[in-house]
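**Student:**
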């Protein structure tokens, strides 16, 4: 498209104004006005440009094996989607049970609610983003409480979707997924209250816990002690399946307080904590840096990173940012006065200072 508009990256309107303008949308041209995008530009990016030119595809290695396909929108479309996500966040009121893609909430706030529980049930929604198709997104904007015009709902869904579904990697996908899950979240909260449970969801990770001595049959129909097979209750399964999702049966986990209990990757038996493996990995990386030098650990980082996605152009900076981020994550969980955090951050700063001196000498 010739003479492309110079798009501002974010909207300056207040949340109240964005919500008001969203609910007053009557036509596709109103969408363009709301997003501060020329209408012709919006039409070009969602209808005229070839779909393969809208997104960049790359693969991310899953911890469980295999690859997850991620589609990242090109710059201009990303700006449009980021603006739309601003609007959708303005109209979304996350329930207390929602900790993914919500302001001031995280895997830490999610995990804290499930500490010191008699049992914890974890399950995962299969192919989460892929299962949210174009029809579901369009239907979201057509139904209560929005009841938008059909043409408006269609353009909004076209803006959010790629190949007929929510693309993992688009800035608008997280908030759209939360809007889609709002009905299911309400049903789970009623289910949890009825059976004396605590429910939370972080993206596609669902956790239910309780201090009750007996497992409600509506939650778990049967299970094998010692980490064996778990058969979920019909009522639990019905909530998920009736809302258009499927359970990843390979990721159903039931753990009692005598076992190691994890929620979104964090230990929660007595308090929220990182795993020993996480601590050992950080310690090993610092040890290798101390013993073999920065180049060796950066080369290993590049090798590991390449297995997951495209190798970053700058080699050292992403490694340092990644390692520092892991150490700061430990501090956010265990506290900044924790002796392990203090030891790691001091070693990191000492090594980085050493590298700076070497560069000056060169």
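In this note's numbering, the protein residues as written are 10 to 371. We put the CB at the ideal spot given by N, CA and C, even for glycine.
1) Check whether the Cβ atoms of residue 93 and residue 181 sit closer than 7 Å, and answer yes or no.
2) By Cβ distance, which residues of its chain are closer than 7 Å to residue 204, with the 5 residues on each side in sequence left out?
3) Mind listing, in chain order, the continuous beta strand (DSSP E) runs of no fewer than 3 residues lying wholly within the segment 50 to 83?
4) Quick check on the DSSP output: what are the complete alpha helix (DSSP H) runs of length 4 or more inside the segment 138 to 185, in order along the chain?
5) Return the chain-ordered list of same chain residues with a C-beta closer than 6 Å to the C-beta of residue 111, the five sequence neighbours on each side being excluded.
6) Can you tell me whether DSSP reads residue 112 as helix, strand or coil?
7) Of all the options 82, 69, 139 and 19, which has the alpha carbon lying nearest to the alpha carbon of residue 62?
8) Could you spell out the range, first to last residue, of the alpha helix (DSSP H) harbouring residue 31?
9) Which word fits residue 273, buried or exposed, when buried means at least 16 other C-beta atoms lie within 10 angstroms of its C-beta?
10) Among residues of its own chain, excluding the 5 on either side of residue 321, which ones have a beta-carbon nearer than 6 Å to its beta-carbon?
11) At what residues does the alpha helix (DSSP H) containing residue 194 begin and finish?
12) Find the nearest neighbour of residue 213 within the set 89, 80 and 109, judged by alpha-carbon distance.
13) Where do the ends of the beta strand (DSSP E) carrying residue 239 lie?
14) Among 363, 329, 20 and 200, which one has its Cα closest to the Cα of residue 91?
15) Would you mind reading off the limits of the beta strand (DSSP E) that contains residue 129?
16) Determine whether the beta carbon atoms of residue 143 and residue 165 lie at a separation below 7 Å.
17) Going by DSSP, which residues form a beta bridge with residue 330?
18) Is the separation between the beta-carbon of residue 336 and that of residue 353 shorter than 7 Å?
19) Could you tell me how far apart the beta carbons of residue 80 and residue 171 are, in whole angstroms, since I believe they sit closer than 8 Å?
20) Have a look at the DSSP bridge pairing and note the partners of residue 272.
21) Consult DSSP for residue 210 and reduce its assignment to one of helix, strand or coil.
22) Flag this pair as yes or no: are the beta carbons of residue 265 and residue 128 separated by less than 7 Å?
23) Since residue 386 and residue 256 are thought to touch, with beta carbons under 8 Å apart, how far apart are those beta carbons, to the nearest angstrom?
24) Closest by CA to residue 217, which one among 191, 146 and 131?
25) Compute the Euclidean distance between the alpha carbons of residue 252 and residue 244, then round it to the nearest angstrom.
26) What residues in its chain sit with their C-beta under 8 Å from that of residue 45, if we drop five residues either side in the sequence?
27) For residue 158 and residue 32, what's the separation of their Cα atoms in angstroms?
28) Compute the Euclidean distance between the alpha carbons of residue 215 and residue 209, then round it to the nearest angstrom.
29) Tell me the residue span of the beta strand (DSSP E) that contains residue 301.
30) Is residue 217 helix, strand or coil when you go by DSSP?
31) Have a look at residue 40 and residue 97 and give me their C-alpha separation to the nearest angstrom.
32) Three-state secondary structure (DSSP) at residue 229?
**Tutor:** This is what the structure gives:
1) yes
2) 225, 227 and 228
3) 64 to 70 and 76 to 82
4) 143 to 151 and 159 to 169
5) 103
6) Coil at residue 112, not helix or strand.
7) Ranking the options by Cα distance to residue 62, first place goes to 82.
8) 24 to 32
9) buried
10) Annotation note: pLDDT 42 at residue 321 (below 50); position unreliable, coordinate value reported separately. So the qualifying residues of the chain are 327.
11) Where residue 194 is concerned, the enclosing alpha helix (DSSP H) stretches over 191 to 203.
12) 109
13) 239 to 241
14) 20
15) 128 to 133
16) Judged by their CB atoms, residue 143 and residue 165 are not nearer to each other than the 7 Å cut-off.
17) Answer by DSSP bridge pairing: none, since residue 330 is not bridged.
18) yes
19) 6 Å
20) 275
21) In the structure shown, residue 210 adopts extended strand secondary structure according to DSSP, grouped into three states.
22) Yes, these two residues count as a Cβ contact at 7 Å.
23) Residue 386 is absent from the model: the chain starts at 10 and stops at 371.
24) 131
25) 13 Å
26) Correct list, in chain order: 16, 17, 20 and 92.
27) 10 Å
28) 6 Å
29) Counting along the chain, residue 301 falls outside any beta strand (DSSP E), though it belongs to the alpha helix (DSSP H) covering 285 to 301.
30) Correct three-state label for residue 217: strand.
31) 12 Å
32) In the structure shown, residue 229 adopts extended strand secondary structure according to DSSP, grouped into three states.
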